[in-house]
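First to last, the protein sequences are chains Z, Y and S.
First residue of the first sequence? That's 10 in the working numbering, and the numbers climb one at a time after it.
First residue of the second sequence? That's 1242 in the working numbering, and the numbers climb one at a time after it.
First residue of the third sequence? That's 4 in the working numbering, and the numbers climb one at a time after it.
Don't be surprised by glycine CBs; every beta carbon is placed ideally from N, CA and C.
Heads up, the thing below is written out as structure tokens.
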Amino acid sequence: MTDEKHRESEEEPIPAWQLFYDNIFLLFFFGIAIPTLVYTVWGLMEIVQIPQLPIAP
Amino acid sequence: MAAEDYRICSFTGLKIHKPTEDLIKWNTVTAILFLALGGLMGFLIALTRWPSVHYLSLQNYYRYLTLHGIDALLLWIIFFEIGLVYFTSAVLLNTRTVIPWAGWTGYALMLVGAVFVNFVVFAGKADVMFTSYVPLQADAVYYLGIIIFAVGALTCYGHFFANIIQAKRDGAYKHSLPLGSFGLAAACIIAVLTLAHGAVIMIPVFFWSMGLIHYIDPGTYRLIFWGLGHPSQQINVCAMVSVWYMISAFTVGGKPVNEKLSRTAFVLYIFFINVASEHHLLVDPIFSNWHKIINTSYMMHLAVFASMVHAFAVPASVEVALRNQGYTRGLFEWLKKAPWSNPAFSAMALSMVLFGFLGGITGVIFGTEQYNIIRHNTFAIPGHFHGTVVGGTTLAFMGFTYLLIPYIFRRELVMQGMAKWQPYVYGIGVAILSISMMSAGSFGVPRRHYDITFSGAPFSFTFDPAIDMFMSMVGIGGILAAIGGVMFILVAMGSIMYGKRLAS
Amino acid sequence: MAIKEPERIWWKPYTRDEKIWVAVSLLWMFTSFVFMPVYHFAGSQNPPYETYRVSPEEFDKLVEAMIEKYKVGEENGMPVVHPDPDEPVFIRASMWQWYPVVELEKGKTYKIHLSSMDIQHGFSILPINMNFMVLPNYDYVLTLTPTTEGEYYIVCNEFCGMGHHMMVGKLYVK
């Protein structure tokens, strides 16, 4: 990359996706929320919904 | 911060802060010592599963198997990763560790927890395996040790975030973390999720073991425990991939071919890899098929895609770097001229092959809802994770140790001839071990089983005679891996203690 | 470099070989992704998901009632039962026993209830190698149709204490 081009690129705005990837704490939020909801909370909901064995004496 | 606290590394030009250096040193040495202990246990276990040797007694087999899981899977890997936390959040950014005393507190807690757990298992009060499924009960000290260790580990993983916030304020980086640090950021995010699950389940179990709580639901325990147990392996995956990129950069000057591609792969790990915990629950009662299908297939395969990306990007970074060095003849001159006698490089290359072909692919297959019926709890499962965690993570970390010794310990490697061969011996041993475990498992040989001739049982089942060969190969692979392990310990500890001092 | 901060803007289009690799990988992953749900509806062997809560005492009573009604003999001190295909079959896991021995008829569909009296066990039918978890306080119902006559063994494959390796049961298909 030449110096001239380099200076030009300083003016360019940073793409939104790059800003998202650089935001570690936003990634942190999704990284905790997704598995907690999809795996843990959903799993716990299924555990509490299990019925009693109907033919139990 | 006084300028004299820093030195400039003569190999890498990185600015290294003295307290950071001490933290990395202590965590790495502790890790290597636990690897030695865990490896010894693994060696004895492999000899026991070799039918014609059947070395350990019944009680010691299960006791050492519990310890093998704790020392080799948990302690060696996490202590080493804490070293990586400081390396990537301070050394790579040419900045400092913000709160060294928190680092030392975390280290002390981890060590105390580790000693508690080792002690109580050796004393015979916690023959419960790594998973400690309730209502199988261990002594309260066991759970206490795990909790103390986890609190310490959380302190250290959390330190990563403190360091990068401060580094940005100090102007150590402007917008984006280096890729090596970004990978460790993914690892630390997953670590927080993992340790939170650990707290949710281990604290009640601790009270239960003291008699304060009367009942822990075994289904809930399995769900939450695997929210701890499986993602803790995903911490290793992120740290290992990040180590691959760093070794490529340090040894051949490799540069990620496309930052966007590599970072996207890490982001997919952060979001989707953790639901793979479900793999342990596929043939459990309780969970609906949709819970099983969504968690193992839909989400998981996005994470598998991420691994495919790394499998492309890391070798590509090596190829581009070597081609730039002039190895451009034909398609494969670069591969032939790669530094195969540099143990850091060869460890990385072998780690990628073993992780991908032995660990990764089998993991995806065994994690299929239907296929899991014929693999769950068979010997094939340890075969799979010896491919990922031993062939992959452990070998990559061994390779990185060969870089830490000059960069951080400032010592020259001793016994370089042996070091050159170490990754190959270890890698081939682990490959034999892993393949033969998976082969035996496909005949239904159970894991965690003392005697597959079932002596003393009311009915006796005889396996297909083909397993004799596979089970013997487990012993042979174990011996070869143990030789490779001893070579590593000799070179690493020898260099750290007696290596020629290097001027900084 | 992976060890240095990248250039200011690194969000750039993929090159041609990157695009090919990404496309091939995504296609492969998509194939794997659809396999499980498709097989779940089209396939003949899926993990069962019928499950209930049951206390060890209740389950034990069900096992004993079945033995009383359908006992046809004894083998190695353990009762052998031959239940009607319409009736539920109960197999009890405990340290270190699969109880009782069951005879099934080929081609008939059974509901096999599994539960544990004490700790977790692993239900592994050999030599066909099918594996399921058995938990205390949970009843796991396998709906299965035996298709091959013969003697089968039930081995425990979840660690359950020092007698774990002696926990072997038996199953006949006649």
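Chain Y beta carbons: is any one of them nearer than 8 angstroms to that of residue i?
| i | result |
| --- | --- |
| K109 (chain S) | no |
| L36 (chain Z) | yes |
| P44 (chain Z) | yes |
| H168 (chain S) | yes |
| E21 (chain Z) | no |
| K15 (chain S) | yes |
| E21 (chain S) | yes |
| G76 (chain S) | no |
| G125 (chain S) | yes |
| S35 (chain S) | yes |
Any C-beta of chain Z sitting closer than 8 angstroms to the C-beta of residue i?
| i | result |
| --- | --- |
| S1417 (chain Y) | yes |
| M1540 (chain Y) | yes |
| N1536 (chain Y) | yes |
| L65 (chain S) | yes |
| S1503 (chain Y) | no |
| S1529 (chain Y) | yes |
| P130 (chain S) | no |
| I1454 (chain Y) | no |
| V1326 (chain Y) | no |
| I157 (chain S) | no |
| M1242 (chain Y) | A caution first: M1242 (chain Y) carries a pLDDT of 48, below 50, which makes its placement in the model unreliable, though a value can still be read off. Not one chain Z Cβ lies under 8 angstroms of M1242 (chain Y). |
| G1468 (chain Y) | yes |
| E152 (chain S) | no |
Just tell me which of the options has its CA closest to the CA of residue i.
| i | options | result |
| --- | --- | --- |
| Q1475 (chain Y) | Y:M1443, Y:A1426, Y:S1489, Y:G1716 | Y:A1426 |
| L1654 (chain Y) | Y:L1731, Y:V1493, Y:G1624 | Y:L1731 |
| V1715 (chain Y) | Y:P1623, Y:V1326, Y:I1514, Y:L1264 | Y:P1623 |
| A1413 (chain Y) | Y:V1545, Y:S1483, Y:S1518, Y:T1336 | Y:T1336 |
| M1593 (chain Y) | Y:T1346, Y:V1484, Y:A1722 | Y:V1484 |
| Y1510 (chain Y) | Y:V1550, Y:V1358, Y:R1248 | Y:V1550 |
| F1275 (chain Y) | Y:T1253, Y:L1285, Y:L1314 | Y:L1314 |
| T49 (chain Z) | Y:M1728, Y:P1472, Y:A1681, Y:P1664 | Y:P1472 |
| G1668 (chain Y) | Y:L1636, Y:S1293, Y:I1676 | Y:L1636 |
| V84 (chain S) | S:V41, S:M98, S:P91, S:P103 | S:P103 |
| F34 (chain Z) | Y:F1401, Y:P1687, Y:R1570, Y:W1581 | Y:F1401 |
| L145 (chain S) | S:Q100, S:N79, S:Y113, S:P82 | S:Y113 |
| W51 (chain Z) | Y:F1513, Y:K1533, Y:I1405, Y:N1477 | Y:K1533 |
| I1646 (chain Y) | Y:I1737, Y:P1584, Y:T1492 | Y:I1737 |
What whole-angstrom Cβ distance do residue i and residue j have, given they're in contact under 8 angstroms?
| i | j | result |
| --- | --- | --- |
| S1182 (chain Y) | S1422 (chain Y) | Limits of chain Y in this structure are 1242 at one end and 1745 at the other, which puts residue 1182 (chain Y) out of reach. |
| E1500 (chain Y) | P9 (chain S) | 5 angstroms |
| Y1303 (chain Y) | D1380 (chain Y) | Actually they do not touch by this definition, with Cβ atoms about 15 angstroms apart. |
| Y1348 (chain Y) | W1291 (chain Y) | Rounded, the Cβ-Cβ distance is 38 angstroms, inconsistent with contact. |
| I1442 (chain Y) | F1448 (chain Y) | Not really, about 11 angstroms apart at Cβ, beyond 8 angstroms. |
| Y1648 (chain Y) | A1660 (chain Y) | Not quite, the Cβ-Cβ distance comes to about 16 angstroms (not below 8 angstroms), so this is no contact. |
| P1376 (chain Y) | L1264 (chain Y) | Contact flag wrong, Cβ pair sits at about 40 angstroms. |
| F39 (chain Z) | F1512 (chain Y) | 6 angstroms |
| L1563 (chain Y) | A1579 (chain Y) | 6 angstroms |
Count the other C-beta atoms from every protein chain shown that fall within 10 angstroms of the C-beta of residue i, then say buried if there are 16 or more, exposed otherwise.
| i | result |
| --- | --- |
| V137 (chain S) | buried |
| V57 (chain Z) | exposed |
| P44 (chain Z) | buried |
| R1742 (chain Y) | exposed |
| Y1739 (chain Y) | exposed |
| R56 (chain S) | buried |
| T11 (chain Z) | At T11 (chain Z), the pLDDT of 47 sits below 50, so the modelled position is not reliable and the matter cannot be decided from this model. |
| N1359 (chain Y) | buried |
| F1684 (chain Y) | buried |
| P88 (chain S) | exposed |
Taking CB distances under 8 angstroms as the criterion, tell me whether residue i reaches chain S.
| i | result |
| --- | --- |
| Y1414 (chain Y) | yes |
| T1609 (chain Y) | yes |
| A1349 (chain Y) | no |
| L62 (chain Z) | yes |
| H1295 (chain Y) | no |
| I51 (chain Z) | The question names Ile, yet the displayed sequence has Trp at residue 51 (chain Z). So, not an interface residue. |
| Q1407 (chain Y) | no |
| Q58 (chain Z) | no |
* **Validate contact between the stretch 33-52 of chain S and the stretch 1525-1539 of chain Y using beta carbons, cut 8 angstroms, 3 pairs** => yes
* Contact the stretch 22-30 of chain S vs the stretch 1680-1699 of chain Y: 3+ CB pairs below 8 angstroms -> no
* Does the stretch 1602-1618 of chain Y come close enough to the stretch 1444-1462 of chain Y that 3 or more CB-CB pairs lie under 8 angstroms? -> no
* Are the stretch 123-134 of chain S and the stretch 155-169 of chain S touching by the rule of at least three beta carbon pairs closer than 8 angstroms? -> yes
* To do: May I ask you to verify whether the stretch 13-24 of chain S touches the stretch 1311-1331 of chain Y, counting CB pairs closer than 8 angstroms and requiring at least 3?
  => no
* Tell me, please, whether the stretch 105-112 of chain S touches the stretch 1581-1595 of chain Y by the rule of three or more beta-carbon pairs shorter than 8 angstroms. => no
* Asked: Are three or more beta carbon pairs between the stretch 1348-1357 of chain Y and the stretch 1375-1394 of chain Y nearer than 8 angstroms?
  -> yes
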